[in-house]
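S.K.: Residue numbers (the working numbering), protein chains in the order written: chain A, 1 to 281; chain C, 282 to 562. For each residue, glycine too, the CB sits at the ideal point set by N, CA and C. Okay, handing you the structure first.
2 protein chains.
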Amino acid sequence: MPMEAISSNQMFGGRNQQYSHYSETLTCNMRFAIFLPPQAEKSNKVPVLYWLSGLTCTDENFMHKAGAQRMAAKLGIAIVAPDTSPRGNSVPDDEAGAYDFGLGAGFYLNASQQPWKTHYQMYDYVVSELPALIEKNFPVSDKKAISGHSMGGHGALTIALKNTDKYTSVSAFSPIANPCNCPWGQKAFSLYLGDDKSSWEQYDASLLLQKTQYTLPILVDLGDADDFLENQLKPQSLVDAAKVSNTNLALRMQSGYDHSYFFIASFIEEHLMFHEQYLNT
Amino acid sequence: MPMEAISSNQMFGGRNQQYSHYSETLTCNMRFAIFLPPQAEKSNKVPVLYWLSGLTCTDENFMHKAGAQRMAAKLGIAIVAPDTSPRGNSVPDDEAGAYDFGLGAGFYLNASQQPWKTHYQMYDYVVSELPALIEKNFPVSDKKAISGHSMGGHGALTIALKNTDKYTSVSAFSPIANPCNCPWGQKAFSLYLGDDKSSWEQYDASLLLQKTQYTLPILVDLGDADDFLENQLKPQSLVDAAKVSNTNLALRMQSGYDHSYFFIASFIEEHLMFHEQYLNT
Chain A
1 MPMEAISSNQ
11 MFGGRNQQYS
21 HYSETLTCNM
31 RFAIFLPPQA
41 EKSNKVPVLY
51 WLSGLTCTDE
61 NFMHKAGAQR
71 MAAKLGIAIV
81 APDTSPRGNS
91 VPDDEAGAYD
101 FGLGAGFYLN
111 ASQQPWKTHY
121 QMYDYVVSEL
131 PALIEKNFPV
141 SDKKAISGHS
151 MGGHGALTIA
161 LKNTDKYTSV
171 SAFSPIANPC
181 NCPWGQKAFS
191 LYLGDDKSSW
201 EQYDASLLLQ
211 KTQYTLPILV
221 DLGDADDFLE
231 NQLKPQSLVD
241 AAKVSNTNLA
251 LRMQSGYDHS
261 YFFIASFIEE
271 HLMFHEQYLN
281 T
Chain C
282 MPMEAISSNQ
292 MFGGRNQQYS
302 HYSETLTCNM
312 RFAIFLPPQA
322 EKSNKVPVLY
332 WLSGLTCTDE
342 NFMHKAGAQR
352 MAAKLGIAIV
362 APDTSPRGNS
372 VPDDEAGAYD
382 FGLGAGFYLN
392 ASQQPWKTHY
402 QMYDYVVSEL
412 PALIEKNFPV
422 SDKKAISGHS
432 MGGHGALTIA
442 LKNTDKYTSV
452 SAFSPIANPC
462 NCPWGQKAFS
472 LYLGDDKSSW
482 EQYDASLLLQ
492 KTQYTLPILV
502 DLGDADDFLE
512 NQLKPQSLVD
522 AAKVSNTNLA
532 LRMQSGYDHS
542 YFFIASFIEE
552 HLMFHEQYLN
562 T
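In structure tokens, the structure reads:
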């Protein structure tokens, strides 16, 4: 699994870097970003927070805009930000070039329908191939937490709930909490997964959450000035699901905040401190 | 002086906003960004840090990438980020569309040569028109500090040194410290100001600094991995000039850092704390 270095910039005493590599899972070249805190050394492996971005983003948005590296450097946590879909000329895109399906909108699932199935296997990429690559090539431990925003909040929650052995904790900003019941989710799932809605359930955080009582620490932040709140995000479905399964869910509705990176930046340090409690024990 | 609101996002309990307005100084429409900390109220006017960005930037780069709002909210300092040149179809640009002259490259001076003279009056805009607009329309006091990066570091230093009555303090990241003697400066000054080099001196931080003993607090950070250090930035000229005038200059060469926003983000909080000492006294 060779990697090619694309950029490397010192930041808060650590390094913010980008690499490209060929993904066997996605059968295309992929780019990811990694922040290594100053504590990361061969003799001192640090835990990793995986960050899944939202629609239209790449590996860059979070590293440029969230301001997470200050606290990550302080706490000694690496951050890995993958891209949001397979990429390249051979990868099919939405026919109309819509922002909410295809390139930049992989929804962190394994597509079962053609022409998407060949490349759109973001679930396996994030859960298996990418962590193996990271743990082989960087001074990081196998302690992992996961977080994300919007489509990436959906990805973080579903991936963590399906892999409680792999992640110490999960958090999300403004997640698409019940994709089976919102326009973004219904469009993506029907195309990637087909019409059999029973195959959708494994990728719906609210449907997963109501089935089992989870002990995994879960933190979710939303802004009450978010334009997507009622139509796309549906946070109440998560609250209701946690009640059904008697799972402890910390869901906070933050007054005045919207769907932007200005919101993420305002609370990302609290999310890092939340994860640090479980990553460093 | 009417203004039009373009965007408003809550951030760290304050608000990150953009406005457009017609500039009589630049004879075109201009956009600026402002961060108002939560302390800013009609009954509690807060001081302002003006941030001048570098080549190719707009009013957005700093607000999106520097991570300054966390500390600005904590200290109760507003931040105002103007654009880097006049804008619009009527504004002439570099003939070849170069990044280092014309649009996005106003160099914070008053052009004396046509066709630039009509619009390229960024010095007057930043020193006079913009602060008057800000102080009229927002809950801010007339206490001002100024900072900037690269071309904007040049702008901040020259503007502060020429207006020590207007600014409590100045800082800069990776400034073009001696533009009369580097390719970026020589290109811009010869076109904006003409061939008479005596007219260039008022816009050269090193030439200004060597003339007078300043009591203005000055902080400058550079990275020793900055690719532009030797050819364009020439920080030693500032050190030498401060020695000649016996001015107290805090210039720090930060090991391993480059010219990017990853560098700015790593030290912007220290710059805010530096300015806060003088803004709030």
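Buried or exposed for V91 (chain A), please, with buried defined as at least 16 other CB atoms from any protein chain shown within 10 angstroms of its CB.
M.R.: The residue is buried, with at least 16 neighbouring Cβ atoms inside 10 Å.
S.K.: If I'm right that I264 (chain A) touches A66 (chain A) with Cβ under 8 Å, what's the distance once you round it to whole angstroms?
M.R.: That pair is a contact at about 5 Å.
S.K.: Are any of the Cβ atoms in chain C nearer than 7 Å to that of G67 (chain A)?
M.R.: G67 (chain A) counts as touching chain C.
S.K.: Quick one: grab the DSSP three-state call for N561 (chain C).
M.R.: In the structure shown, N561 (chain C) sits in coil (DSSP, three-state: anything other than H, G, I, E or B).
S.K.: For L249 (chain A), which residues of its own chain have a beta-carbon under 6 Å away from its beta-carbon, when the five flanking residues on both sides are left out?
M.R.: Once the five neighbours on either side are set aside, the close Cβ partners of L249 (chain A) are I218 and A242.
S.K.: Out of C:P516, C:F293 and C:H430, state which residue places its alpha-carbon closest to the alpha-carbon of P463 (chain C).
M.R.: At residue 463 (chain C) the sequence reads Cys, which differs from the Pro that was named. Nearest of C:P516, C:F293 and C:H430 to C463 (chain C), Cα basis: C:P516.
S.K.: Along chain A, in chain order, which residues have C-beta atoms closer than 8 Å to that of N297 (chain C)?
M.R.: The answer, in chain order, is F262.
S.K.: Output yes or no for whether 7 Å exceeds the beta carbon distance between G83 (chain A) and D59 (chain A).
M.R.: Note that residue 83 (chain A) is Asp in the sequence shown here, rather than Gly. Going by C-beta atoms, D83 (chain A) is nearer than 7 Å to D59 (chain A).
S.K.: Check whether the stretch 329-336 of chain C touches the stretch 34-47 of chain A, counting contact only when three or more Cβ pairs, one atom from each stretch, lie closer than 8 Å.
M.R.: They do not touch, by the three-pair rule.
S.K.: Look at the alpha carbon of K211 (chain A) and the alpha carbon of N178 (chain A), and state the distance between them as a whole number of angstroms.
M.R.: Cα-Cα distance, rounded: 14 Å.
S.K.: Give the DSSP-derived three-state secondary structure of T161 (chain A) in the structure shown.
M.R.: The sequence shown places Leu at residue 161 (chain A), not Thr. If DSSP states are grouped into helix, strand and coil, L161 (chain A) belongs with the helices.
S.K.: Is there a C-beta anywhere in chain C that falls below 7 Å from the one on Y257 (chain A)?
M.R.: True, the Cβ-Cβ gap to chain C drops below 7 Å.
S.K.: Which runs of the beta strand (DSSP E) fall wholly inside the stretch 89-154 of chain A and span at least 3 residues, in chain order?
M.R.: As far as the stretch 89-154 of chain A is concerned, its whole beta strand (DSSP E) runs of at least 3 residues are 140-149.
S.K.: Which residues in chain C have a C-beta closer than 8 Å to the C-beta of Q10 (chain A)? List them in chain order.
M.R.: Neighbours of Q10 (chain A) on chain C, chain order: G504, A506, G537, Y538, D539, F543, F544 and S547.
S.K.: Looking only at its own chain, which residues have a Cβ that is under 8 Å from the Cβ of M3 (chain A), when we skip the five neighbours before and after it?
M.R.: Contacts found: Y19, S20, H21, L133 and N137.
S.K.: Taking Cβ positions, are M63 (chain A) and A78 (chain A) nearer each other than 7 Å?
M.R.: Not a contact, by the Cβ cut-off of 7 Å.
S.K.: Buried or exposed for R252 (chain A), please, with buried defined as at least 16 other CB atoms from any protein chain shown within 10 angstroms of its CB.
M.R.: R252 (chain A) comes out exposed.
S.K.: Give the residues from the stretch 31-64 of chain A that approach chain C closer than 9 Å (Cβ to any Cβ), ordered along the chain.
M.R.: Those would be M63 and H64, in chain order.
S.K.: Since R533 (chain C) meets chain A, which of its residues come closer than 9 Å, beta carbon to beta carbon?
M.R.: Near R533 (chain C) there are no residues of chain A at all, since even the closest Cβ is about 14 Å away, more than 9 Å.
S.K.: For R87 (chain A), write down the residues that DSSP places opposite it in a beta bridge.
M.R.: Paired residues: none, contrary to the question.
S.K.: Taking all protein chains shown into account, do 16 or more other C-beta atoms lie within 10 angstroms of the C-beta of V525 (chain C), making it buried, or fewer, making it exposed?
M.R.: By the neighbour-count rule (16 or more Cβ atoms within 10 Å), V525 (chain C) is not buried but exposed.
S.K.: I want to know whether the stretch 9-19 of chain A touches the stretch 28-37 of chain A - three or more CB-CB distances under 8 Å.
M.R.: Output reads yes: the stretch 28-37 of chain A touches the stretch 9-19 of chain A.
S.K.: Among A:V127, A:L109 and A:S174, which one has its Cα closest to the Cα of N231 (chain A)?
M.R.: For N231 (chain A), the nearest C-alpha among the options comes from A:S174.
S.K.: Kindly indicate which three-state DSSP category E24 (chain A) falls into: helix, strand or coil?
M.R.: Coil at E24 (chain A), not helix or strand.
S.K.: Taking the straight line between their C-alpha atoms, what separation do you get for L279 (chain A) and I159 (chain A)?
M.R.: Taking the straight line from one Cα to the other gives about 17 Å.
S.K.: Could you say which of A:S260, A:E269, A:Q114 and A:I268 lies nearest to S288 (chain C) if we only look at CA atoms?
M.R.: Answer by Cα proximity: A:S260.
S.K.: To which residues of the same chain is L519 (chain C) closer than 7 Å at the C-beta, ignoring the five residues directly before and after it?
M.R.: The answer, listed in chain order, is A458, A486, S487, L490, V501, L530 and L532.
S.K.: Mark P367 (chain C) as exposed unless 16 or more other C-beta atoms lie within 10 angstroms of its C-beta, in which case mark it buried.
M.R.: Classification of P367 (chain C): buried, given that the 10 Å Cβ count is 16 or more.
S.K.: Name, in chain order, the residues that DSSP records as bridge partners for W51 (chain A).
M.R.: A:S147.
S.K.: L334 (chain A) by DSSP, collapsed to three states: which one?
M.R.: The requested residue 334 (chain A) does not occur in the structure, where chain A is confined to residues 1 to 281.
S.K.: DSSP on F293 (chain C), reduced to helix/strand/coil?
M.R.: Here F293 (chain C) sits in coil by DSSP.
S.K.: Which residues of chain A have a Cβ atom closer than 9 Å to the Cβ of R351 (chain C), listed in chain order?
M.R.: Neighbours of R351 (chain C) on chain A, chain order: G67, R70, A265, S266 and E269.
S.K.: Secondary structure at G76 (chain A), three-state DSSP: helix, strand or coil?
M.R.: DSSP places G76 (chain A) in coil when its eight states are reduced to three.
S.K.: Just confirm the distance between the C-beta atoms of A156 (chain A) and L272 (chain A), as a whole number of angstroms; I'd bet it's less than 8 Å.
M.R.: Not a contact, Cβ separation roughly 14 Å.
S.K.: Between the Cα of Y123 (chain A) and the Cα atoms of A:A98, A:Q254, A:F107 and A:D142, which residue gives the shortest distance?
M.R.: Out of A:A98, A:Q254, A:F107 and A:D142, A:F107 has the C-alpha closest to the C-alpha of Y123 (chain A).
S.K.: When the Cα atoms are used, what is the spatial distance from K162 (chain A) to G104 (chain A)?
M.R.: Computed Cα separation, rounded: 23 Å.
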